[in-house]
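Asker:
Residue numbers (this note's numbering): 3 to 185.
(1) Under 8 Å, do residue 17 and residue 152 count as touching if we go by C-beta distance?
(2) In three-state DSSP terms, what is residue 32?
(3) Confirm, please, whether the CB-CB distance from residue 107 to residue 39 is below 8 Å.
(4) To the nearest angstrom, how far is the alpha carbon of residue 142 from that of residue 148?
(5) Among 98, 44 and 85, which one has its Cα closest to the Cα of residue 137?
(6) Excluding five sequence neighbours on each side, which residues of the same chain lie with their C-beta closer than 8 Å to the C-beta of residue 100?
(7) Residue 103 by DSSP, collapsed to three states: which one?
(8) Please state the DSSP three-state secondary structure of residue 134.
(9) Which ranges would you report for the beta strand (DSSP E) in the stretch 7-77 if only whole runs of at least 3 residues count?
(10) Helix, strand or coil: which one does DSSP assign to residue 142?
(11) Does DSSP classify residue 94 as helix, strand or coil?
(12) Among the candidates 154, 24, 123 and 139, whose CA atom is the shortest distance from the CA of residue 132?
(13) Return helix, strand or coil for residue 89, following the three-state DSSP convention.
(14) To which residues of the same chain is residue 61 closer than 6 Å at the C-beta, ignoring the five residues directly before and after it?
(15) Looking at residue 69 and residue 118, is the spacing between their C-beta atoms short of 8 Å?
(16) Can you tell me whether residue 25 is buried or exposed, with buried defined as 16 or more other CB within 10 angstroms of its CB?
(17) Do residue 35 and residue 75 have their beta-carbon atoms positioned less than 8 Å apart in this structure?
(18) From the beta carbon of residue 103, is the nearest beta carbon of chain D less than 8 Å away?
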């Protein structure tokens with residue numbers, strides 16, 4: 003993560019916009035790992051976003067291995083939170099995304115993640131390549147967005163979520179709170 007501080011990252015910015023509490027269970031460098039899903043959290047999430055894939059691209063020795071880990075993760079996520087809408091954010095642009103690794107190019111990984119996600123009813127796909135402009139100036143290292151890159155990420159993710167029920171409910175709640183303040 004190359005934001006100057008955590009408040010600049012997209013999870014924090016989006017949670018503020020939607021007026022929701024945020025629990026970020028991922029850390030830098032993480033990947034699809036079913037054991038990371040914690041079904042014992044003391045609340046039911048209203049919305050789950052998953053933004054894995056870019057680290058899986060480098061971690062796994064084959065596309066089959068990556069596919070298995072992605073499917074295993076999604077199976078457990080859906081089993082643990084069956085009524086919660088899930089949004090999979092495919093990997094964002096990287097300066098090295100056309101490099102050929104054991105799993106193919108990053109574009110190959112993105113297509114595989116989309117293919118797997120299409121098998122799940124309440125999993126929605128958000129195209130990460132449309133969130134942050136695909137230009138080096140929005141990244142400090144060619145991989146991690148800088149503050150300006152995260153701002154684009156947040157705005158465009160909110161736009162992608164704008165048709166969802168959770169987005170509409172959040173706007174209604176904000177409208178109710180504002181009308182209460184005027185009373």
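Ideal placement from N, C-alpha and C gives every residue a C-beta, glycine not left out. Note that the structure is a prediction, hence the values are computed from the model and not measured.
Answerer: Let's see:
(1) Looking up residue 17 in the chain shown gives position 15. Looking up residue 152 in the chain shown gives position 150. Cβ atoms of residue 17 and residue 152: not closer than 8 Å.
(2) On the chain shown, residue 32 is found 30 positions in, with the first residue counted as 1. Here residue 32 sits in coil by DSSP.
(3) Indexing the chain shown from 1 puts residue 39 at position 37. Indexing the chain shown from 1 puts residue 107 at position 105. Not a contact, by the Cβ cut-off of 8 Å.
(4) In the chain shown, counting from the first residue as 1, residue 142 sits at position 140. In the chain shown, counting from the first residue as 1, residue 148 sits at position 146. Spanning the two alpha carbons is a distance of roughly 6 Å.
(5) Counted from its first residue, the chain shown places residue 137 at position 135. When each option's Cα is compared against that of residue 137, the closest is 98.
(6) Residue mapping note: residue 100 aligns to position 98 of the chain shown, counting from 1. For residue 100, where only same-chain residues beyond five positions count, the Cβ hits under 8 Å are 107, 108 and 109.
(7) Start at 1 with the first residue of the chain shown, and residue 103 comes out as number 101. Reduced to three states, the DSSP call for residue 103 is strand.
(8) On the chain shown, residue 134 is found 132 positions in, with the first residue counted as 1. Coil at residue 134, not helix or strand.
(9) 50-52
(10) Locating residue 142 in the chain shown gives position 140, where the first residue counts as 1. It is coil, neither helix nor strand.
(11) Numbered from 1 along the chain shown, position 92 holds the residue referred to as residue 94. In this structure, residue 94 counts as coil in the three-state DSSP scheme.
(12) What you label residue 132 is simply residue 130 of the chain shown in a count that begins at 1. It is 154 whose Cα lies nearest to the Cα of residue 132.
(13) Sequence index remark: in the chain shown, residue 89 carries index 87 (1-based). Of the three classes helix, strand and coil, the one that applies to residue 89 here is strand, per DSSP.
(14) Here the question's residue 61 lines up with position 59 in the chain shown. Only 33 meet the Cβ criterion.
(15) For the purposes of this step, residue 118 is identified with residue 116 of the chain shown, where counting begins at 1. For the purposes of this step, residue 69 is identified with residue 67 of the chain shown, where counting begins at 1. Yes, the Cβ-Cβ distance between residue 118 and residue 69 is below 8 Å.
(16) Your numbering for residue 25 matches position 23 in the chain shown. Exposed is the call here.
(17) Locating residue 75 in the chain shown gives position 73, counting from the first residue. Locating residue 35 in the chain shown gives position 33, counting from the first residue. Going by C-beta atoms, residue 75 is nearer than 8 Å to residue 35.
(18) This model lacks chain D altogether, as it is built from one protein chain only.
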